[in-house]
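S.K.:
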């Protein structure tokens, strides 16, 4: 059986998983998965549907028991978790501010401040039943950040957002890491956006197919084998700039902002991944 334990560690790793295996009713979901998450590192977990991404996240968080392997975490590790979405019952009305403070640990000012950080402070008194899918993801992110996490885990954080919202979210990931001084583990299907927002990519398909810097993974044979059809003709988004964006994708200007180069799939000069084969 898998052992999930706390480690008093001199290592910089927030979490270490070793040889994780997972089966459900005789079906293999994960095989020999090992990874480390370092402090202030941004890791993105990608893979096709059914690859075991959410199962792995649940095991790392201690929400599911693996069939084999170990997960060791730093002592008293504070973890903020943003799931793909939650179901809100229509039976019991619940405002956003009530949802954020369901534990009673935060005051209204703290809740409003965190909503402002993810650019949805206008939702403070809105009924949870009335907000959109994209707004729900922002509220869940605000809730996770209220915990002052050392490790922030995001399972499809851009779910329900339009393309501008997705772009804004991924471009804000580094500023969230810097402001909250946390490591970040993301699960995402947004291949053309997420590559520019991460330090390391782990490509999962039951086992780890390849891992490394986004530029290296995007040319790896295993990555191309898994995602060739999805990325055929799709240019990976790259963004070189000296300004910042908010979570909606709007440019936040500053006295240091002088220039910006955006390369996306509408830019005919951008090199397509398939041309790199």
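Numbering (my numbering), first residue to last: 666 to 942. For glycine and all other residues, C-beta sits at the position ideal for the given N, C-alpha and C.
Considering only the alpha carbon of each residue, which of 810, 884 and 856 lies closest to residue 709?
M.R.: Translated into the one-based positions of the chain shown, residue 709 becomes position 44. Nearest C-alpha to residue 709: 856.
S.K.: DSSP three-state call for residue 719: helix, strand or coil?
M.R.: Against the chain shown, residue 719 aligns to sequence position 54. Looking at residue 719 - three-state DSSP - the assignment turns out to be helix.
S.K.: For the putative contact between residue 736 and residue 682, defined by C-beta atoms under 8 Å, what is the C-beta separation to the nearest angstrom?
M.R.: Position 71 of the chain shown, counted from the first residue, corresponds to residue 736. Position 17 of the chain shown, counted from the first residue, corresponds to residue 682. With 8 Å as the limit, residue 736 and residue 682 qualify as a contact, their Cβ atoms being about 5 Å apart.
S.K.: Identify which residue in 804, 840 and 846 has its Cα closest to the Cα of residue 826.
M.R.: Translated into the one-based positions of the chain shown, residue 826 becomes position 161. For the residues 804, 840 and 846, the minimum Cα distance to residue 826 belongs to 804.
S.K.: Straight-line CA distance for residue 767 to residue 811?
M.R.: As a working mapping, residue 767 is identified with position 102 in the chain shown. As a working mapping, residue 811 is identified with position 146 in the chain shown. Answer to the nearest angstrom: the Cα atoms are 12 Å apart.
S.K.: What residue ranges within the segment 719-784 form continuous beta strand (DSSP E) runs of no fewer than 3 residues, ordered along the chain?
M.R.: Runs of the beta strand (DSSP E) inside the segment 719-784: 733-739 and 744-747.
S.K.: Using a Cβ-Cβ cutoff of less than 7 Å, which residues in the same chain neighbour residue 879 once the five nearest sequence positions on both sides are dropped?
M.R.: By one-based count along the chain shown, residue 879 stands at place 214. The answer, listed in chain order, is 860, 863 and 866.
S.K.: Here's the rule: buried if 16 or more other CB atoms are within 10 angstroms of the residue's CB, otherwise exposed. What is residue 756?
M.R.: The residue labelled residue 756 in the question sits at position 91 within the chain shown. With fewer than 16 other Cβ atoms within 10 Å, it is exposed.
S.K.: What is the DSSP secondary structure of residue 857, counted as helix, strand or coil?
M.R.: Along the chain shown, read from residue 1 onward, the residue named residue 857 stands at position 192. If DSSP states are grouped into helix, strand and coil, residue 857 belongs with the helices.
S.K.: If you draw a straight line from the alpha carbon of residue 885 to that of residue 893, how long is it in whole angstroms?
M.R.: As a first step, residue 885 is located in the chain shown; it is residue number 220 there, counting from the start. As a first step, residue 893 is located in the chain shown; it is residue number 228 there, counting from the start. C-alpha separation (whole angstroms): 11 Å.
S.K.: Might you give, ordered along the chain, the residues of its own chain that have their beta carbon closer than 7 Å to the beta carbon of residue 777, omitting 5 neighbours on each side?
M.R.: Within the chain shown, the letter at position 112 stands for residue 777. Within the same chain, residue 777 has close Cβ partners 786 and 789.
S.K.: May I have the straight-line CA-CA distance separating residue 1024 from residue 868, to the nearest angstrom?
M.R.: The structure shown does not extend to residue 1024, since the chain spans only 666 to 942, so no value can be given for it.
S.K.: Report all residues from its chain with a CB closer than 8 Å to the CB of residue 679; omit the five preceding and five following residues, and keep chain order.
M.R.: Locating residue 679 in the chain shown gives position 14, counting from the first residue. Cβ within range, chain order: 702, 703, 704, 738, 739, 742, 815, 816 and 848.
S.K.: Are the beta-carbon atoms of residue 732 and residue 686 separated by less than 8 Å?
M.R.: For the purposes of this step, residue 732 is taken as the residue at position 67 of the chain shown. For the purposes of this step, residue 686 is taken as the residue at position 21 of the chain shown. Yes, the pair counts as a contact, with Cβ atoms nearer than the cut-off.
S.K.: Go through the segment 809-865 residue by residue and report every complete run of the alpha helix (DSSP H) that reaches 4 residues or more, in order.
M.R.: 828-845 and 856-859, all fully within the segment 809-865.
S.K.: Within its chain, find whatever has a CB closer than 8 Å to the CB of residue 796; leave out the 5 residues flanking it on each side and keep chain order.
M.R.: Numbered from 1 along the chain shown, position 131 holds the residue referred to as residue 796. Excluding positions up to five away in sequence, the list reads 761, 788 and 804.
S.K.: Taking the straight line between their C-alpha atoms, what separation do you get for residue 850 and residue 726?
M.R.: On the chain shown, position 185 is the one that residue 850 refers to. On the chain shown, position 61 is the one that residue 726 refers to. If I take the Cα positions, the gap works out to 11 Å.
S.K.: Using only the alpha-carbon positions, how far apart do residue 784 and residue 721 sit?
M.R.: As a position in the chain shown, residue 784 is number 119, starting the count at 1. As a position in the chain shown, residue 721 is number 56, starting the count at 1. The straight-line gap from Cα to Cα measures roughly 30 Å.
S.K.: Measure the C-alpha to C-alpha separation of residue 915 and residue 840 and round it to an integer number of angstroms.
M.R.: Position 250 of the chain shown, counted from the start, is the residue given in the question as residue 915. Position 175 of the chain shown, counted from the start, is the residue given in the question as residue 840. Here residue 915 scores only 44 on pLDDT, less than 50, and its place in the model should not be relied on; the value that follows carries that caveat. Rounded to the nearest angstrom, the two C-alpha atoms are 14 Å apart.
S.K.: Considering residue 708, what are the terminal residues of the beta strand (DSSP E) in which it resides?
M.R.: Here residue 708 refers to the residue found at position 43 when the chain shown is read from its first residue. From DSSP, the beta strand (DSSP E) with residue 708 extends over 707-711.
S.K.: Compute the beta-carbon to beta-carbon distance between residue 729 and residue 723, rounded to the nearest angstrom, for a pair I have assumed lies under 8 Å.
M.R.: Position 64 of the chain shown, counted from the first residue, corresponds to residue 729. Position 58 of the chain shown, counted from the first residue, corresponds to residue 723. Yes, they are in contact, since the Cβ atoms of residue 729 and residue 723 sit about 4 Å apart, within 8 Å.
S.K.: Comparing alpha-carbon positions, which option in 698, 828, 831 and 834 lies nearest residue 684?
M.R.: Residue 684 sits at position 19 when you count from the first residue of the chain shown. When each option's Cα is compared against that of residue 684, the closest is 698.
S.K.: With respect to the beta strand (DSSP E) encompassing residue 885, which residues constitute its N-terminal and C-terminal limits?
M.R.: Within the chain shown, the letter at position 220 stands for residue 885. Residue 885 -> no beta strand (DSSP E), and no H or E assigned at all.
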